[in-house]
Amino acid sequence: MGRGKFKGKPTGRRQFSTPEEMRAGTSSRPKTFKREEAEDDERSESEEEFEESEDESEKQKGVQGIIQIENPNLVRPKNLKAKNVDIDKTTELSRREREEIEKQQAHERYMKLQEQGKTDQAKKDLERLAMIRKQREEAAKKREEEKAAKEQKKIEARK
1 MGRGKFKGKP
11 TGRRQFSTPE
21 EMRAGTSSRP
31 KTFKREEAED
41 DERSESEEEF
51 EESEDESEKQ
61 KGVQGIIQIE
71 NPNLVRPKNL
81 KAKNVDIDKT
91 TELSRREREE
101 IEKQQAHERY
111 MKLQEQGKTD
121 QAKKDLERLA
131 MIRKQREEAA
141 KKREEEKAAK
151 EQKKIEARK
């Protein structure tokens, strides 16, 4: 029989207990919340005792708790509880982070040597600066001489 234009998803169907199932006790739904809560308390107490006996071993899913694996590629969870955190332990840097820090330190050393004038580039820059200063001094002397020569001509012309 057709269901019309819109069809419901097969996973979204709800199943309700019939009154007969509820009376017979075959319903998957608990009759009282208190009874279920008491069972949960008992379960949590037994789990706490089990966790205390395990000490620091991690919770394993399925068969992993039974079989011991030594897989070097196995990723360990990075989430740690506050009580398990080791404050004194220093974390190792990744290769990229380490290379980045080394690169920054090398750049700082180079810049320090550059300021002191010990690198090849700094020596070339200082030579260039000395040459430019020399040219400017010569140009300034030449201008002064030309200015003095002009004034000399003006004085001679007045006479």
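Going by full-length UniProt numbering, the first residue of the sequence shown is number 1, and it counts up by one from there. For every residue, glycine included, the Cβ atom is placed at its ideal position computed from N, Cα and C.
Report the three-state DSSP secondary structure of Arg98 (helix, strand or coil). In the sequence shown, residue 98 corresponds to position 98, counting from 1. Correct three-state label for Arg98: helix.
With DSSP as the reference, label Asp125 as helix, strand or coil. Here the question's residue 125 lines up with position 125 in the sequence shown. Note: Asp125 maps to helix in three-state DSSP.
Is Ala122 near Gln114, with beta carbons less than 8 Å apart? Taking the first residue of the sequence shown as 1, we reach residue 122 at position 122. Taking the first residue of the sequence shown as 1, we reach residue 114 at position 114. Yes; because the gap between Cβ atoms is below 8 Å, this pair is in contact.
Taking the alpha-carbon positions, what's the Glu51 to Lys83 distance? Counting from one through the sequence shown, the residue named residue 51 turns up at place 51. Counting from one through the sequence shown, the residue named residue 83 turns up at place 83. Here the model assigns Glu51 a pLDDT of 49, short of 50, so the residue's position is not dependable, and the following value carries that caveat. One C-alpha to the other measures close to 15 Å.
Could you check what DSSP says for Leu93 in three-state terms: helix, strand or coil? Locating residue 93 in the sequence shown gives position 93, counting from the first residue. Three-state result, Leu93: coil.
Does DSSP classify Lys153 as helix, strand or coil? Taking the first residue of the sequence shown as position 1, residue 153 is located at position 153. Helix at Lys153.
If contacts are defined as beta-carbon pairs under 8 Å, then Gly117 and Leu126 qualify, I think. What distance do you get, rounded to the angstrom? Your numbering for residue 117 matches position 117 in the sequence shown. Your numbering for residue 126 matches position 126 in the sequence shown. Sure, about 6 Å apart at Cβ, within 8 Å.
Give the straight-line distance between the Cα atoms of Glu156 and Ala149, rounded to the nearest whole angstrom. Start at 1 with the first residue of the sequence shown, and residue 156 comes out as number 156. Start at 1 with the first residue of the sequence shown, and residue 149 comes out as number 149. Roughly 11 Å between the two C-alpha positions.
For Glu99 and Arg109, I'd like the C-alpha separation in whole angstroms. As a first step, residue 99 must be located in the sequence shown, where it is residue number 99. As a first step, residue 109 must be located in the sequence shown, where it is residue number 109. Approximately 15 Å, taken between the alpha carbons.
For Lys147, the three-state DSSP class (helix, strand or coil): Here residue 147 refers to the residue found at position 147 when the sequence shown is read from its first residue. Helix at Lys147.
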